[in-house]
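Enquirer:
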Amino acid sequence: MKDAAMDGDLYEVQKPLSDVVSHFYHVHTPADAEVVVNHLSPNFDMLMLFNFGTPIRYSFNNAALNDTPIHRVAVIGPLKKMLNYELQPAADAIVVNFTLNGFYRLFKIPINELASSEVMDPDILIDKTCFAEFWEQLAVLPILIDRMQSIEAYAASFMTENEPFTIPLLNGLSYFQNPAVAPVKAIAANAALSERTIQQRFQKFTGYSPKEMLRFMRFKEVINQLVSQKEEEIDLFALIEKHGYHDQSHLIKDFNHFLGTTPRKFLKDIAGKGFCITRPGKHY
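Residues in the sequence shown are numbered consecutively from 1, following the UniProt record's numbering.
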C-alpha cells in the first residue's frame, strides 16, 4: 500500500505478530531525489526504525532538525508530538509500528520510564548489543521482503503473552470510545481494582495516562477533519463546538501541544505538504 506523504509503502503484519506490531512502513527515495522534510502526526505508538540508507535527521513539533541523525537503529516514542524527518537522496528505512502494548510485550520495559518523544538506542535500553548485530544481518540482505520477514521472525522470538494485569485494560478499551463513560472508573469497577491502580498500569504498558489518551483521541478527530476537508479557510468555532473544546484558546493549546503550531499555520504550512497521519490504531 503506497503512502505518498511518507515517500513509502505500508506492509501488513500477520498473526500472531500482529498482536504486537500493527504494520511496517518502508520509507525510501531515489538516488537522484531532492531533499525533503516530512511530518508524521502524533500517534501515541512506539516506533522502531531500521535505517539502511542515508542518515535521517529529525525533530519534534516546531524544533529545528537536530545534528545527530539516525544511522542504523532507533526507538521512538510514545510519539506524542509531531515528528519531522529529513529524507535525503537514497533514503531506505523500515519503520516498525507497535500496537498499544506491543513494545512492552517484546521488551518488558515499563514505557512510562522511557524519555517521551526522544530517539533511543534499543541496545542501550536492554543493555546488550542485540540490535547492532541484527542490523548487520539485515543490511546484507538485498531484498526488502527478506528484511521484513527477518524482522518479523526476530520480533516473534521475543514475543510474550499478555500479562494478566493488562487484560482488564484491554477489555475496557471500548470505554474510551464512549463519551458518556469515565473509562478509568468503568475499568476499575469491572476489575474490582482502584482507579489509581488502573492509571498506574495503563502508564506502565503504554507510556501515557488515560487522560492523555482521551485528549489525543479528540485532537486526532480534529486533524482528520482538517486534512480530509482540504481547505485553508476553517471555521474554528465549528471545530470547537463539534469536538467539545471549551473555547478557541483551548483548541489552539492542543495544536501547540501536539504539533507546535496553530490551526491556521498548520493548514497553510504543513497539511498536504509531506504531512502523514498513520492509520488508526487497533483500539483508537
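Every residue gets a Cβ at the ideal spot worked out from N, C-alpha and C, and that includes glycine.
Predicted model, so just to flag it, every value in this text is computed and none were measured.
Comparing C-alpha positions only, which one of G244, V96, P168 sits nearest to E152?
Expert: Counting from 1 along the sequence shown, the entry for residue 152 is found at position 152. The residue with the shortest Cα to Cα distance from E152 is V96.
Enquirer: Using 8 Å as the cut-off, can you tell me whether the stretch 208-219 makes contact with the stretch 37-46, which would need three or more C-beta pairs spanning the two stretches below that distance?
Expert: As far as the Cβ criterion goes, the stretch 208-219 touches the stretch 37-46, which means the pair count is three or higher.
Enquirer: Assuming N256 is part of the alpha helix (DSSP H), what are its boundary residues?
Expert: For the purposes of this step, residue 256 is taken as residue 256 along the sequence shown, with counting starting at 1. For N256, the enclosing alpha helix (DSSP H) begins and ends at 248-259.
Enquirer: Rounded to whole angstroms, what's the CA-CA distance from Q203 to L169? Just pull it up for me.
Expert: Against the sequence shown, residue 203 aligns to sequence position 203. Against the sequence shown, residue 169 aligns to sequence position 169. Distance between the alpha carbons of Q203 and L169: 11 Å.
Enquirer: Can you name the residues that DSSP bridges to S59?
Expert: Within the sequence shown, the letter at position 59 stands for residue 59. BP columns for S59 point to N84.
Enquirer: Taking the beta strand (DSSP E) that E152 falls in, what are its first and last residues?
Expert: One-based indexing of the sequence shown puts residue 152 at position 152. From DSSP, E152 is part of no beta strand (DSSP E) but of the alpha helix (DSSP H) over 144-158.
Enquirer: Under the DSSP definition of a beta bridge, which residues are partnered with H28?
Expert: For the purposes of this step, residue 28 is taken as the residue at position 28 of the sequence shown. Per DSSP, D92.
Enquirer: Work out the CA separation of P78 and V37 for me, nearest whole Å.
Expert: Within the sequence shown, numbered from 1, the residue matching residue 37 stands at position 37. Within the sequence shown, numbered from 1, the residue matching residue 78 stands at position 78. Looking at the two C-alpha atoms, the distance is approximately 21 Å.
Enquirer: By DSSP's criteria, E195 is part of a beta bridge. Which residues make up the other side?
Expert: The count along the sequence shown starts at 1 and reaches residue 195 at position 195. In the DSSP output, where bridge partners are listed per residue, E195 has none listed.
Enquirer: Could you tell me which of N61, A182, Y104, A155 sits nearest to K15, measuring between CA atoms?
Expert: If you number the sequence shown from 1, residue 15 lands on position 15. The option with the nearest alpha carbon to K15 is A155.
Enquirer: How many angstroms separate the CA atom of F50 from the CA atom of F275?
Expert: The residue given as residue 50 occupies position 50 in the sequence shown. The residue given as residue 275 occupies position 275 in the sequence shown. Straight-line Cα distance between these residues: approximately 21 Å.
Enquirer: With H, G and I counted as helix, E and B as strand and the rest as coil, what does DSSP make of N162?
Expert: Position 162 of the sequence shown, counted from the start, is the residue given in the question as residue 162. Coil at N162, not helix or strand.
Enquirer: Pairs of beta-carbons, one from the stretch 14-31 and one from the stretch 99-114, closer than 8 Å: are there three or more?
Expert: yes
Enquirer: What is the DSSP secondary structure of F216, counted as helix, strand or coil?
Expert: Along the sequence shown, one-based indexing puts residue 216 at 216. Reduced to three states, the DSSP call for F216 is helix.
Enquirer: Could you tell me the alpha carbon to alpha carbon distance between E12 and F24, rounded to whole angstroms?
Expert: One-based indexing of the sequence shown puts residue 12 at position 12. One-based indexing of the sequence shown puts residue 24 at position 24. The straight-line gap from Cα to Cα measures roughly 7 Å.
Enquirer: Thinking just about the alpha-carbon of each residue, which of D247, T54, R105 is nearest to the one in Q88?
Expert: Here residue 88 refers to the residue found at position 88 when the sequence shown is read from its first residue. Closest by alpha carbon: T54.
Enquirer: Do you know how far the Cα of A93 is from the Cα of M6?
Expert: Residue mapping note: residue 6 aligns to position 6 of the sequence shown, counting from 1. Residue mapping note: residue 93 aligns to position 93 of the sequence shown, counting from 1. Unreliable placement is indicated for M6, whose pLDDT of 46 sits below 50; the coordinate value is still reported in the next sentence. Rounded to whole angstroms, M6 to A93 spans 11 Å at the Cα level.
Enquirer: Could you pull out every residue in the same chain whose Cβ sits closer than 8 Å to the Cβ of D67, ignoring the five residues on either side in sequence?
Expert: Position 67 of the sequence shown, counted from the start, is the residue given in the question as residue 67. Answer for D67: R57, listed in chain order.
Enquirer: Measure the Cβ-Cβ separation of R72 and W135 and say whether it is below 8 Å.
Expert: Taking the first residue of the sequence shown as 1, we reach residue 72 at position 72. Taking the first residue of the sequence shown as 1, we reach residue 135 at position 135. Cβ distance < 8 Å, so R72 and W135 count as in contact.
Enquirer: What is the residue span of the alpha helix (DSSP H) that H71 lies within?
Expert: Counted from its first residue, the sequence shown places residue 71 at position 71. It is not in any alpha helix (DSSP H) - H71 carries neither H nor E in the DSSP assignment.
Enquirer: In the DSSP output, which residue or residues are listed as bridge partners for I76?
Expert: As a first step, residue 76 must be located in the sequence shown, where it is residue number 76. Paired residue(s): L47, V119.
Enquirer: Taking the alpha-carbon of E86 as reference, which of L47, A33, Y104, E113 has the nearest alpha-carbon?
Expert: Position 86 of the sequence shown, counting from 1, holds the residue named residue 86. Closest option to E86, Cα to Cα, is A33.
Enquirer: Beta carbon of T160, beta carbon of F205: below 8 Å?
Expert: Counting from one through the sequence shown, the residue named residue 160 turns up at place 160. Counting from one through the sequence shown, the residue named residue 205 turns up at place 205. No, the Cβ-Cβ distance between T160 and F205 is not below 8 Å.
Enquirer: From this set, E118, L138, T29, A180, which residue's C-alpha is nearest G207's C-alpha?
Expert: Position 207 of the sequence shown, counting from 1, holds the residue named residue 207. The candidate whose alpha carbon is nearest that of G207 is E118.
Enquirer: Where F131 and H246 are concerned, what is the direct C-alpha to C-alpha distance, given to the nearest angstrom?
Expert: Your numbering for residue 131 matches position 131 in the sequence shown. Your numbering for residue 246 matches position 246 in the sequence shown. F131 and H246 have their C-alpha atoms roughly 46 Å apart.
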